[in-house]
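Colleague: For the numbering used here, add 8 to where a residue sits in the sequence shown, where the first one is 1. All residues carry an ideal CB built from backbone N, CA and C; glycine is no exception. These numbers come from a predicted model, not from an experiment. Before we start, here is the structure in question, set down as structure tokens.
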Amino acid sequence: MQVNPIQLFDAESSTFTYILAAPDSRDAVIIDPVDRHVERDLAHLERLGLQLTHVLETHAHADHVTSAGLLREHTGAKACVPSGCGIAPAEMQLQDGDVLTFGLREHIAVIHTPGHTAGSMCYLWRGNLFTGDTLLIDGCGRTDFQSGSAADLYDSVTRKLFTLDDATRVWPGHDYRGQSVSTIGWERRHNKRLAHRERGDFIALMAALDLPRPKLMDVALPANRQLGLPDGAPGVVSHRA
9 MQVNPIQLFD
19 AESSTFTYIL
29 AAPDSRDAVI
39 IDPVDRHVER
49 DLAHLERLGL
59 QLTHVLETHA
69 HADHVTSAGL
79 LREHTGAKAC
89 VPSGCGIAPA
99 EMQLQDGDVL
109 TFGLREHIAV
119 IHTPGHTAGS
129 MCYLWRGNLF
139 TGDTLLIDGC
149 GRTDFQSGSA
159 ADLYDSVTRK
169 LFTLDDATRV
179 WPGHDYRGQS
189 VSTIGWERRH
199 NKRLAHRERG
209 DFIALMAALD
219 LPRPKLMDVA
229 LPANRQLGLP
239 DGAPGVVSHR
249 A
């Protein structure tokens with residue numbers, strides 16, 4: 009049975025948010041929500057009769073503020089974050105190889121993909137890969153801040169993501185050209201930054217990009233390390249998935 013994610017978009021940061029709905033229950037998971045759209049996302053859940061159980065972050069974002077803390081307050085969902093991103097208030101500090109469960113039999117595989125940031129994670133569910141800023145459609149995330157590493161990103165994509173089945177659908181964290189979804193097979197063969205490129209060439213390419221600093225970085229990073237809430241969350245318990 010094919011179950012498609014619900015893809016939502018923030019035009020200001022070109023960020024995608026995803027809702028995953030279990031076909032066998034009312035449970036749902038949201039990935040990379042944006043603070044200015046918390047009411048929109050809650051309305052989607054209510055309209056579809058869904059109960060949010062987990063809020064997932066692919067990394068600590070530098071270009072927008074998450075609504076993870078607000079969604080947790082509204083729904084009681086658990087905040088789940090990469091363990092290497094310094095997001096202390098989250099209930100679940102995820103490690104490579106963890107598996108999140110929701111619904112009666114739904115599983116999300118956690119894949120550590122350092123490079124854009126040292127802690128970046130991708131999530132695999134029912135042949136759908138949510139890549140955050142690690143792998144974009146015909147591109148990849150920048151590697152010049154937040155402990156980024158072009159060498160690590162190249163290894164993460166080529167040794168982990170590109171080893172997945174060709175038909176695996178790629179749902180990126182951003183897109184700036186009106187695209188929404190790709191596949192691993194297409195990106196392995198055609199991605200302009202990564203396809204048919206040697207590791208050293210990729211590192212040199214990323215070093216030469218000279219990208220501007222994200223405008224909201226000084227605001228977004230501290231906020232996102234507190235799940236988007238100014239004072240974090242008291243009394244949280246960190247544990248594995």
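Residue ranges of each alpha helix (DSSP H) run of no fewer than 4 residues wholly in the segment 120-202, ordered along the chain?
Modeller: You should have 158-167 and 192-198.
Colleague: What are the start and end residues of each continuous alpha helix (DSSP H) run of 4 or more residues lying completely inside the segment 58-83, in chain order?
Modeller: You should have 76-83.
Colleague: What first and last residue would you give for the alpha helix (DSSP H) that runs through Asp226?
Modeller: Counted from its first residue, the sequence shown places residue 226 at position 218. Per DSSP, Asp226 belongs to the alpha helix (DSSP H) from Met225 to Asn232.
Colleague: Might you give, ordered along the chain, the residues of its own chain that have their beta carbon closer than 8 angstroms to the beta carbon of Gly236, omitting 5 neighbours on each side?
Modeller: In the sequence shown, residue 236 corresponds to position 228, counting from 1. The answer, listed in chain order, is Asp43, Val73, Thr74, Ser75, Ala76, Gly77 and Leu78.
Colleague: Are Gly140 and His45 closer than 9 angstroms when you measure CB to CB?
Modeller: Here residue 140 is taken as the residue at index 132 of the sequence shown, counted from 1. Here residue 45 is taken as the residue at index 37 of the sequence shown, counted from 1. Their beta carbons are not under 9 angstroms apart, which means Gly140 does not touch His45 by this criterion.
Colleague: Which residue's Cα is closest to the Cα of Leu60: Asp174, Gly84, Pro41 and Leu169?
Modeller: Position 52 of the sequence shown, counting from 1, holds the residue named residue 60. It is Gly84 whose Cα lies nearest to the Cα of Leu60.
Colleague: Using beta-carbon positions only, say whether Asn199 and Gly149 come within less than 9 angstroms of one another.
Modeller: Position 191 of the sequence shown, counted from the first residue, corresponds to residue 199. Position 141 of the sequence shown, counted from the first residue, corresponds to residue 149. Contact flag unset, no.
Colleague: What residue range is occupied by the uninterrupted beta strand (DSSP E) comprising Leu50?
Modeller: What you label residue 50 is simply residue 42 of the sequence shown in a count that begins at 1. Looking at the DSSP string, Leu50 is not in any beta strand (DSSP E); the run it does join, the alpha helix (DSSP H), is Val46 to Arg55.
Colleague: Given a cut-off of 9 angstroms, decide if Ala29 and Ile14 are closer than it, judged by their beta-carbon atoms.
Modeller: As a working note, residue 14 is residue 6 in the sequence shown. As a working note, residue 29 is residue 21 in the sequence shown. Yes, Cβ-Cβ distance for Ile14 and Ala29 is below 9 angstroms.
Colleague: For His115, count neighbouring Cβ atoms within 10 angstroms of its own Cβ and tell me buried if that reaches 16, exposed if not.
Modeller: On the sequence shown, residue 115 is found 107 positions in, with the first residue counted as 1. Burial call: exposed.
Colleague: Establish whether the CB of Ala212 and some CB of chain B are separated by less than 9 angstroms.
Modeller: Of the protein chains in this structure there is only one, and it is not chain B.
Colleague: Can you tell which of Leu213, Ala36 and Ile211 has its C-alpha closest to the C-alpha of Thr109?
Modeller: Taking the sequence shown and counting its residues from 1, the one referred to as residue 109 is at position 101. Checked all of Leu213, Ala36 and Ile211; the closest Cα to Thr109 is Ala36.
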